[in-house]
C-alpha cells in the first residue's frame, strides 16, 4: 500500500526564559501563521490525512491543532505521544510503526534533530535540517506501518513557510 508521511517540525516557538521548562514553550504569532500556511499547503497538495501523531510539548501540540483545523481533521483524534518529545530517531520510528494500519496519510509533528535525521534515513539523502513549520512529504510502499524499519522511501516535496 502506498503510504504518505508528512514530517513537520513544530512552528516557531518563543524563546525559553528563566524557570520555564522547554516543554512549556508556546508558539510565537509568526509560528501560528507558519502552522496555518503549512496546513494549507498540505491540504492543497495532498488533500486529506488519516492521522496526526504529535509531541505533547505545547509548541508541537499547538502546531498539530492548527494543522488539524486546516486539514479538516478532528483535533480530538490527534495522537499525543510523550515518547516523541525530544526523541531519538529510533523512538520516532517506533512510534510511527505503531500507527493504525488504516492510516494511509499521516502527519508527524515533532522536534529536531531527530525529525530531520529520520527524513534523511528514510529517503537516504542528506536533507537540510527542517526549519520551524517546515514539512517533508515522504512516500513509501508499506503493507503496514511496522515495515517502516526496513523500507526506503521517496521525498515527494517540501514546504517551508515564509518567515516574517
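Numbering (the working numbering), first residue to last: -16 to 147.
Beta carbons: idealized from backbone N, C-alpha and C, even for Gly.
- The criterion of a C-beta distance shorter than 7 Å is not satisfied by residue 24 and residue 79.
- When 6, 74, 88 are compared, the shortest CA-CA separation from residue 26 is found for 88.
- With fewer than 16 other beta carbons inside 10 angstroms of its own, residue 28 counts as exposed.
- With the rule of 3 Cβ pairs closer than 8 Å, the region 114 to 124 counts as touching the region 134 to 142.
- Between residue 43 and residue 92, the gap from beta carbon to beta carbon is short of 7 Å.
- Between the beta-carbon of residue 35 and that of residue 47 there is about 5 Å, and that keeps the pair under the 8 Å contact cut.
- A direct Cα-Cα distance of roughly 6 Å separates residue 31 from residue 54.
- Taking the Cα of residue 68 as reference, the smallest distance to any Cα among 105, 50, 7 is reached at 7.
- Shown here, residue -3 sits in coil according to DSSP, grouped into three states, outside any helix or strand.
- With respect to the C-alpha of residue 57, the residue from 33, 82, 97 having the closest C-alpha is 33.
- Annotation: the continuous beta strand (DSSP E) that includes residue 34 extends over 34 to 37.
- A residue is called buried when at least 16 other Cβ atoms come within 10 angstroms of its Cβ; residue 144 meets this threshold and is buried.
- Secondary structure of residue -15 (DSSP, three-state): strand.
- The C-alpha of residue 38 lies about 12 Å from the C-alpha of residue 97.
- A distance below 8 Å between beta-carbons, with the five flanking residues on each side excluded, links residue 64 to the following residues of its chain, in chain order: 36, 37, 38, 39, 78.
- Sorting -12, -8, -16 by C-alpha distance to the C-alpha of residue 115 places -8 at the top.
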